[in-house]
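One structure is given below, encoded as structure tokens.
Number of protein chains: 2
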Amino acid sequence: MSPAARRPASPTASVKDVAAAAGVSLGTVSNVLNRPDRVAAGTRERVERAMNELGFVRNESARSLRSGRSRTLAYVMLDAGNPFFTDVARGSEGPADDGDLSLFLCNSDNRAGREAAHLEHLEQQRVQGILITPVDPDSPTLDAVVERGTPLVIVDRTRTDDRICSVAVDDVLGGRLAVEHLIDQGHTRVAFVGGPTSIGQVADRLEGARRAWADAELPEDDLTLVHTDSLTVAAGREAGERIAGLASTRRPTAAFCANDLIALGLLQQATRAGLAVPDQLAIVGYDDIEFAAAAAVPLTSVRQPRHELGRTAALLVLDESSNPQHVHQQLTFEPELVARTSTLG
Amino acid sequence: MSPAARRPASPTASVKDVAAAAGVSLGTVSNVLNRPDRVAAGTRERVERAMNELGFVRNESARSLRSGRSRTLAYVMLDAGNPFFTDVARGSEGPADDGDLSLFLCNSDNRAGREAAHLEHLEQQRVQGILITPVDPDSPTLDAVVERGTPLVIVDRTRTDDRICSVAVDDVLGGRLAVEHLIDQGHTRVAFVGGPTSIGQVADRLEGARRAWADAELPEDDLTLVHTDSLTVAAGREAGERIAGLASTRRPTAAFCANDLIALGLLQQATRAGLAVPDQLAIVGYDDIEFAAAAAVPLTSVRQPRHELGRTAALLVLDESSNPQHVHQQLTFEPELVARTSTLG
DNA sequence: GTGCTCGATTAAAACGTTTCAAAGGAGCGA
DNA sequence: TCGCTCCTTTGAAACGTTTTAATCGAGCAC
Chain A
98 MSPAARRPAS PTASVKDVAA AAGVSLGTVS NVLNRPDRVA AGTRERVERA
148 MNELGFVRNE SARSLRSGRS RTLAYVMLDA GNPFFTDVAR GSEGPADDGD
198 LSLFLCNSDN RAGREAAHLE HLEQQRVQGI LITPVDPDSP TLDAVVERGT
248 PLVIVDRTRT DDRICSVAVD DVLGGRLAVE HLIDQGHTRV AFVGGPTSIG
298 QVADRLEGAR RAWADAELPE DDLTLVHTDS LTVAAGREAG ERIAGLASTR
348 RPTAAFCAND LIALGLLQQA TRAGLAVPDQ LAIVGYDDIE FAAAAAVPLT
398 SVRQPRHELG RTAALLVLDE SSNPQHVHQQ LTFEPELVAR TSTLG
Chain B
98 MSPAARRPAS PTASVKDVAA AAGVSLGTVS NVLNRPDRVA AGTRERVERA
148 MNELGFVRNE SARSLRSGRS RTLAYVMLDA GNPFFTDVAR GSEGPADDGD
198 LSLFLCNSDN RAGREAAHLE HLEQQRVQGI LITPVDPDSP TLDAVVERGT
248 PLVIVDRTRT DDRICSVAVD DVLGGRLAVE HLIDQGHTRV AFVGGPTSIG
298 QVADRLEGAR RAWADAELPE DDLTLVHTDS LTVAAGREAG ERIAGLASTR
348 RPTAAFCAND LIALGLLQQA TRAGLAVPDQ LAIVGYDDIE FAAAAAVPLT
398 SVRQPRHELG RTAALLVLDE SSNPQHVHQQ LTFEPELVAR TSTLG
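Order-wise, the sequence lines are chains A and B. Going from the first sequence to the numbering used here is simple: count from 1 and add 97. Going from the second sequence to the numbering used here is simple: count from 1 and add 97.
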């Protein structure tokens with residue numbers, strides 16, 4: 098077989114080629130594709146045979162150029178490496194499938210530049226809608242996309258205004274649940290581990306923690322803040338070092354981490370330093386990713402309804418794209434505490 | 098503001114609209130877009146102003162209809178929840194960016210049906226190339242895609258023939274490395290934990306393990322097979338139960354797991370059952386995902402060059418799409434053992 | 001046989017872009 | 001002033017599909 102023979106005989110057969118092969122007009126081929134009931138059975142069969150023989154593949158570009166809209170939904174993820182976001186993506190697949198749309202995932206990797214590039218490309222593709230967990234939910238870039246006409250829903254972040262749909266989880270409540278649980282377990286010296294607090298999520302979770310603490314009328318100074326630079330396993334390990342280094346009389350007996358990655362890092366470092374979990378240090382994470390339950394000491398964590406988050410966001414973006422009466426909504430879900438060994442002993 | 102006012106004034110401005118607004122012909126607008134150097138500075142400026150005022154967004158459908166190719170690469174992942182695959186995807190981003198292409202991720206979720214649906218949609222979109230970790234690398238569906246003209250590279254799976262490009266890692270060698278390491282550590286009763294062996298990867302890793310065992314002239318029966326139904330954390334836990342239940346005289350002193358998810362499940366269950374890792378049970382995983390290093394007892398694991406895997410696959414698919422002389426290649430990389438506490442004590 | 005209706009098929013236009021040959025016009029040397 | 005070149009701009013065609021109005025032919029009632 099010569100190398101040339103490897104290439105397809107015809108670059109790609111078009112509707113016109115199929116029409117010629119089947120001896121009908123091009124309009125008829127289109128009818129077979131779109132309203133098969135209006136085509137006589139014999140003709141239809143002949144056309145279908147021609148399609149198979151030629152290896153006809155519908156050209157989606159031409160299709161959506163003509164129709165003005167594509168059959169695609171996209172989710173721009175903040176971090177493809179964090180299982181939380183892939184779970185959200187999974188939740189969006191249902192509504193996408195129902196609407197016969199493909200769901201494409203893009204990874205912004207926490208970089209505004211990449212995010213902007215993806216958004217631009219998606220707008221150019223005229224996707225039906227965009228779901229996005231943005232680097233900055235208040236960025237005007239997002240407003241611009243909406244103004245130019247592409248439906249867009251913010252996922253897992255909230256906007257301070259109501260010009261864009263968003264779907265999020267009540268992080269203040271989540272923080273409260275975590276700390277109330279620790280208080281119930283008898284802890285009176287607790288650390289909040291996380292940062293930077295410029296991230297809305299982190300600030301909210303801390304706020305919730307503080308409110309729970311205040312409500313229990315515990316001394317303000319006994320809820321300490323162990324700051325991290327990022328929400329990663331490495332940052333958790335590093336925080337663990339600092340905590341383990343404290344004199345046991347000053348050391349908190351429990352840590353509430355801003356997410357599970359930090360909690361896992363903290364758990365690892367605590368174990369390494371010889372601190373028993375939960376006896377000497379109880380740990381609560383956030384997100385309840387699969388690996389939280391899979392840790393050697395299963396992690397107590399605040400679960401977000403991430404599947405529901407993705408599903409609702411997809412439904413919202415579909416409504417925005419198809420319903421002229423659409424009104425932007427900001428939805429909030431409630432998190433739930435899942436207690437496991439890392440706080441129960 | 099009336100609800101109607103929320104909708105964009107003009108659905109979307111086209112090149113023609115821009116031309117009219119700037120008082121030039123439509124060809125000139127196109128020149129501004131594609132060969133700005135051939136347009137007089139004043140004209141260019143006027144056109145660019147018009148574009149901004151109208152919120153002009155290039156229509157990618159029309160563009161790729163005209164040019165016959167799109168600016169998109171896609172990676173169809175087997176399981177978006179497994180960090181291994183998202184890491185591979187990250188590796189592909191470099192070449193994609195260099196070629197000024199967007200990389201879209203699709204999740205087949207291990208289901209042939211979803212995979213086929215994604216492939217069909219991608220063909221219709223006339224993507225430049227497809228990277229795929231397929232449910233079944235020998236499925237004729239893949240050949241059909243290639244024959245119809247879309248460049249396609251199989252990632253992390255090998256084909257038995259050479260009609261398609263593939264990029265994989267030598268799993269037999271990986272299995273050998275893992276077991277040689279355990280033998281070096283003095284283990285003489287080892288379990289291979291994984292399954293189903295119908296998956297090529299699993300069979301290869303087991304084969305490598307057996308060869309290392311044979312080369313060391315250890316009794317065949319002392320390398321046991323603990324079968325699992327899938328490569329998940331849950332399956333690992335379940336296998337852990339079975340191993341922990343064995344009498345200590347018959348129990349293997351080390352386990353080589355077919356992937357890290359199983360290893361993490363096994364580690365968790367062993368800990369729960371009071372088996373000390375690595376003293377009573379050493380554990381080796383496979384893939385070296387981030388969570389392997391982050392476990393309470395950091396896992397020894399066989400690292401695959403997953404970033405390199407993704408990068409090479411992307412380069413290969415780009416070559417196939419742009420180089421008429423392209424010859425299909427099946428590349429194999431070498432894995433590497435990363436020794437950590439779970440085998441070193 | 002004429003005139004209708006109805007189902008099947010067709011021809012032509014349109015979507016928004018890129019490209020290419022050709023036209024327009026300015027500047028310049030002779 | 002003529003003729004030439006060179007730079008800029010233009011007009012028209014093409015990509016593959018969908019859609020709409022129009023055409024065709026057969027069957028049927030009168």
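Where a beta carbon is used, it is the ideal one built from N, C-alpha and C, also for glycine.
- If you ignore the 5 residues before and after LEU361/A, its C-beta comes within less than 8 Å of the C-beta of VAL330, GLY333, GLY382, PHE388, ALA389, ALA392 and LEU396, all in its own chain and listed in chain order.
- Between ALA341/B and LEU364/B, the C-beta spacing is not below 9 Å.
- Contact of GLN401/B with chain A is not assigned, every C-beta pair being separated by 9 Å or more.
- By the rule that beta-carbons nearer than 9 Å mark a contact, PHE353/B does not touch chain A.
- Of all C-beta pairs linking the region 260-269 of chain B to the region 397-413 of chain B, three or more are shorter than 8 Å, placing the two stretches in contact.
- In this structure SER295/A does not touch ARG223/A by the C-beta definition: roughly 34 Å separates them, more than the 8 Å allowed.
- Rounded to whole angstroms, the gap between the alpha carbons of CYS354/A and THR109/A is 55 Å.
- The beta-carbon separation of LEU202/A and ILE229/A, rounded to 11 Å, does not stay under the 8 Å limit for a contact.
- As the crow flies, the alpha-carbon of ASP184/A is around 11 Å from that of ASN179/B.
- Contact between ALA379/B and SER439/B holds, with the beta-carbon distance rounding to 6 Å and staying under 8 Å.
- Close to chain B, meaning a Cβ-Cβ distance shorter than 9 Å, are the following residues of the region 212-223 of chain A: ALA214, HIS215, GLU217, HIS218, LEU219, GLU220, GLN221, GLN222 and ARG223.
- Three or more beta-carbon pairs separated by less than 8 Å are not found between the region 129-142 of chain B and the region 309-321 of chain B, which leaves the two stretches without contact.
- Exclusion of the five residues before and after LEU413/B leaves VAL250 and CYS262 as the residues of its chain whose Cβ lies within less than 6 Å of its Cβ.
- Taking all protein chains shown into account, GLU431/B has fewer than 16 neighbouring C-beta atoms within 10 Å of its C-beta and is therefore exposed.
- Around the C-beta of ASN156/A, 16 or more other C-beta atoms lie within 10 Å, and the residue is accordingly described as buried.
- By the criterion of a C-beta distance shorter than 7 Å, ASP235/A is surrounded in its chain by ARG256 and THR257, once the five residues flanking it on both sides are discounted.
- Of all residues in the region 286-305 of chain A, none is placed with a Cβ closer than 8 Å to any Cβ belonging to chain B.
- Around the Cβ of ASN420/A, a 10 Å sphere holds fewer than 16 other Cβ atoms; the residue is exposed.
- Interface flag for ARG347/B against chain A is unset, since no Cβ pair is found closer than 9 Å.
- Two segments are said to touch when three or more pairs of C-beta atoms, one from each, lie closer than 8 Å; by this definition the region 421-430 of chain A does not touch the region 109-122 of chain B.
- Put simply, the CB of CYS203/A is near chain B, with a gap under 9 Å to one of its CB atoms.
- In the DSSP assignment, PHE353/A falls within the beta strand (DSSP E) that extends over 351-354.
- When ASP240/A, SER199/A, GLY283/A and VAL154/A are compared, the shortest CA-CA separation from VAL242/B is found for VAL154/A.
- At least one C-beta of chain A is nearer than 9 Å to the C-beta of ALA159/B.
- Residue pairing by DSSP places ALA379/B opposite ALA351/B in a beta bridge.
- Just measuring C-alpha positions, the residue of ALA344/A, THR325/A and THR346/A sitting nearest ILE359/A is THR325/A.
- According to the DSSP assignment, ARG307/A belongs to no beta strand (DSSP E) but to the alpha helix (DSSP H) extending over 297-312.
- Its Cα nearest to that of VAL394/A, the residue ASP357/A stands out among LEU415/A, SER418/A, GLN401/A and ASP357/A.
- Between the alpha carbons of SER161/A and LEU162/B lies a gap of roughly 10 Å.
- Taking 9 Å as the CB threshold, THR368/B lines the interface with chain A.
- Non-local beta-carbon contacts of ARG260/B in its own chain, meaning distances under 8 Å to residues more than five positions away in sequence, involve ASP240, VAL243 and HIS425 in chain order.
- The shortest C-alpha to C-alpha distance from PRO375/A to any of ALA336/A, LEU279/A, ALA410/A and ASN204/A is the one to LEU279/A.
- Looking at the backbone, the Cα of GLN422/A and that of ASP416/A are separated by about 9 Å.
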